[in-house]
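To start, the structure itself, in structure tokens.
Protein chains: 2
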Amino acid sequence: MSEKQLSGIKEIARIAGVSIGTVDRVLHNRGSVSPGALKKIQAAIAQINYQPNFIARSLVVNKMYRFAAIVPDADGDEYWEQILKGFTAALEDWNHFSITVDLYQFKLNSKTSFTRAASLALKSLPDGIVITPQFYQESIAFFDKCFKLGMPYVTFNTYMPEAKGLSFIGTDSHLSGMVAADLLYMGMAPNSKMIVLHFDEELQNSKHMLEKEDGFRAYFKKSPKNNQQIKTIVLNNPSHNYQKELKKLASSNEVDGLFVSTSKAYEIASLINTGKEKRIKIVGYDLLPKNIELMQRGAIDFLINQNPMQQARMSITALANYFILKKKVIPLQFFPIEIISRYNLSSYLNNDTHLLNEVIP
Amino acid sequence: MSEKQLSGIKEIARIAGVSIGTVDRVLHNRGSVSPGALKKIQAAIAQINYQPNFIARSLVVNKMYRFAAIVPDADGDEYWEQILKGFTAALEDWNHFSITVDLYQFKLNSKTSFTRAASLALKSLPDGIVITPQFYQESIAFFDKCFKLGMPYVTFNTYMPEAKGLSFIGTDSHLSGMVAADLLYMGMAPNSKMIVLHFDEELQNSKHMLEKEDGFRAYFKKSPKNNQQIKTIVLNNPSHNYQKELKKLASSNEVDGLFVSTSKAYEIASLINTGKEKRIKIVGYDLLPKNIELMQRGAIDFLINQNPMQQARMSITALANYFILKKKVIPLQFFPIEIISRYNLSSYLNNDTHLLNEVIP
DNA sequence: ATTAGATTTGTGTACGTACACACAAATTTA
DNA sequence: TAAATTTGTGTGTACGTACACAAATCTAAT
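Read top to bottom, the protein sequences are chains A and B. Using our numbering, the first residue of the first sequence is number -11, and each one after it goes up by one. Using our numbering, the first residue of the second sequence is number -11, and each one after it goes up by one.
Next comes the structure, spelled out in structure tokens:
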């Protein structure tokens, strides 16, 4: 047996001929290090290509961290429920550390509610914030306040280039719109009729929905065979009127394909692809229970998985990495755009293996 | 500030009124614990729902582990190169631990070579083995030997229900064949002609290729409109003959769609979808550089991502979890079947975010 | 040359776990 | 009943890192 192999900070200390305390001061630039020692230590660090051991580090740092999450009121909406589940999952991931996530929820259709939640969150002075920036102007204002306070934040779900936070985590909406167009168009006649369907009362503020539509339309502009008729419909309040309208639309020859820009494809699919009328191809978003069921029944053709749960989970993880492990956080984390059909669906359900074992550290 | 909060093994000891040494003996059933103490400790463990801290554990145990990998000779084949890269990635993941992976490679078309590699690996008496069980009978024999030796092993890439190892990691081939069929058939005329194309000299032994074909055909059997003509072609040795044949096939009206059961779709796509002849739809496997390029040029329609690199990476991780962290290893880890088209392709390249940060603890 | 003050460096303890070892108590053997 | 053995229990050290504090060294003013 050879000498006991030192590693890490101790090995640096040995090579540089100083104590680990001095090495530690260099690694954390705490100062109080003589130029000579500094140089020797830096050389040693380079020499052994030192990589900090996050495992050991995490064992030491044991402060309490309080995070605030500014997200919509789920209010029965499964998409936002999944986001909440993501927070729970993250808390379990990090169960050996003391972190808490306080929810500051707002009404999806109310800017003032959003602003109120945001400022309440800020006022509580958490260590860090995760936020879905639903409203453009209001979010800008929020980021500004954070900047002034030096408050670290992570955005997710809705991408805003203006949000210069620690990280954004979510989908490339524009690209996902193109993918959707491709899936919808596939196998259709060149001059078929398509509808882009938005569920929203405040479309103007939901940037990512507009981006999805942009991507969708961009696909056909690029394509040489661009004689598709694309119509946009915005559903404001789900009254009984639109059901009739849609049914009529479906039975007439007015629609061949439907692109639903939100996770509510099931609302439409349950109305129109019931089997008697002409089959309309539908592409939507997200593996929500109702979407899954309708896809299994053949009423929805494709879903693009935005993975809301993982988005939320990773948002918290980003903060935790930043604070607890002091790891570098990737500033832009676009998820792969997962195409789900009736056939690969099952392989995505209850399957986190693509998340390689544990999330942390 | 309240009392310093104990946690883990210490807290158990406090509640049970014993020392941590005794708790430790219970947790690892090392014996030498009185019935009374045992009972109290078990109660305490249940009470606080103790979850071992793998982080702290990994810090302590610092043995050297030597793993053997029985995999094909890459020999320029990008698929197997990726597998090797996966091992490298795993070694980096676990760089704070002492693990090594010794390669025992065999020729893809030689059973004897496989058997030799396997027994060499076994003879080296590693701590654990990862293996792609390419040949059925020979693999069975190998598992048998492992069992007798008490040698832990992980299989990947090719699923064998008979392999009762620690874990299998890979794709559900049958299901992937169905997905492929669905993608290929989409938008095609009901009576279109399809070809299943295998690249293999020993098809009989490549179970997962047969399973892919089975899945592919099963898709059409289920479907009510099952008047497709499906032909199977096996390409043995890539001579110049088959190029001519395929070209002729392509320009004639004999083929509408092509399902390539291996990762070599590029070999065909580069021949037949060059732009002049009739366009043939192609579905293949894996994001290899050549496939990526041909997909970007529009010559390949869909790829199913089997993620060879992640398979290899997770195989090693499974062993490491088992030995180092003493975590439970999931015995069956089917990857989600990732559908890649020209449009979502970019979101899969250079993107490991779906692997949530780091692999390990 | 002495000493106060500032600067630099080293040491000790802790994090949660594993394991070797020491030692007391209980039990068996002579 | 003393000695030898077994059984049960607690203590100490280590893993790699962070940080508080003590110790050592250097600087400058007397």
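Quick reminder that beta carbons are idealized off the backbone N, C-alpha and C, glycines included.
The C-beta of A:HIS16 comes no closer than 7 Å to any C-beta of chain B. Beta-bridge partners assigned by DSSP to B:GLY203: none are found.
DSSP places B:GLU80 within a helical segment (H, G or I) once states are collapsed to three. A Cβ-Cβ distance of about 7 Å is found for the pair A:LEU91 and A:VAL59, placing them in contact under the 8 Å criterion.
In summary, B:VAL222 is exposed, with fewer than 16 beta-carbon neighbours lying within 10 Å of its beta-carbon over all protein chains present.
Ranking A:LYS136, A:LEU108, A:VAL243 by CA distance to the CA of A:MET176 puts A:VAL243 first. Here B:ASP170 is buried, its C-beta having at least 16 other C-beta atoms within 10 Å. The three-state secondary structure of B:ARG301, taken from DSSP, is helix. The beta carbon of B:VAL167 sits closer than 7 Å to some beta carbon of chain A.
Counting the other Cβ atoms within 10 Å of the Cβ of A:MET283 gives 16 or more, which makes it buried. In the same chain as B:THR250, and ignoring 5 residues on each side of it, the C-beta atoms closer than 6 Å to its own belong to PHE187, in chain order. For A:SER180, the secondary structure class from DSSP, reduced to helix, strand or coil, is coil. Neighbours of A:LEU47 across chain B, judged by C-beta separation under 9 Å: ASN41, ILE43, ALA44, LEU47. Comparing alpha-carbon positions, the option among B:ILE288, B:PHE123, B:ILE280 lying closest to B:ILE260 turns out to be B:ILE288. In the three-state scheme derived from DSSP, where H, G and I count as helix and E and B as strand, B:ASP170 is classed as helix. According to DSSP, A:ASN293 shares a beta bridge with A:GLU326.
Ranked by Cα distance from A:ILE218, the first of A:ASN50, A:LEU198, A:ILE183, A:SER107 is A:ILE183. Annotated three-state conformation of A:PHE144 is strand, per DSSP. With a threshold of 7 Å between beta carbons, A:PRO324 makes contact with chain B. Neighbourhood of A:ASP115 in chain B, by CB distance below 7 Å: empty, with the nearest CB roughly 18 Å away. In its chain, beyond the 5 residues on either side, ASP90, TYR92, ALA109, SER112, PRO114, ILE117 have a beta carbon closer than 7 Å to the beta carbon of B:ALA56.
In this model, A:MET297 and A:PHE323 are separated by some 12 Å (Cα to Cα). In this structure, the CA atom of B:GLN299 is about 7 Å from the CA atom of B:ASN145.
Counting only Cβ-Cβ distances below 8 Å, B:MET174 has contacts in chain A at MET174, GLY175, in chain order. By the Cβ test, the stretch 154 to 169 of chain B is not in contact with the stretch 59 to 77 of chain B, since fewer than three Cβ pairs between them sit closer than 8 Å.
Within chain A, VAL167, ASP170, LEU171, ILE327 have C-beta atoms less than 8 Å from the C-beta of B:SER329, given in sequence order. Residue-level contact by beta carbon fails for A:TYR310 and chain B, as no gap is shorter than 7 Å.
B:ALA4 sits buried, since 16 or more C-beta atoms from the chains shown fall within 10 Å of its C-beta. Taking CB atoms only, B:TYR147 has no neighbour in chain A less than 7 Å away. Taking C-beta separations shorter than 6 Å and ignoring five residues to either side along the sequence, the partners of A:GLN70 in its chain run PRO296, MET297, following chain order. DSSP, read as helix, strand or coil, puts A:TYR67 in helix.
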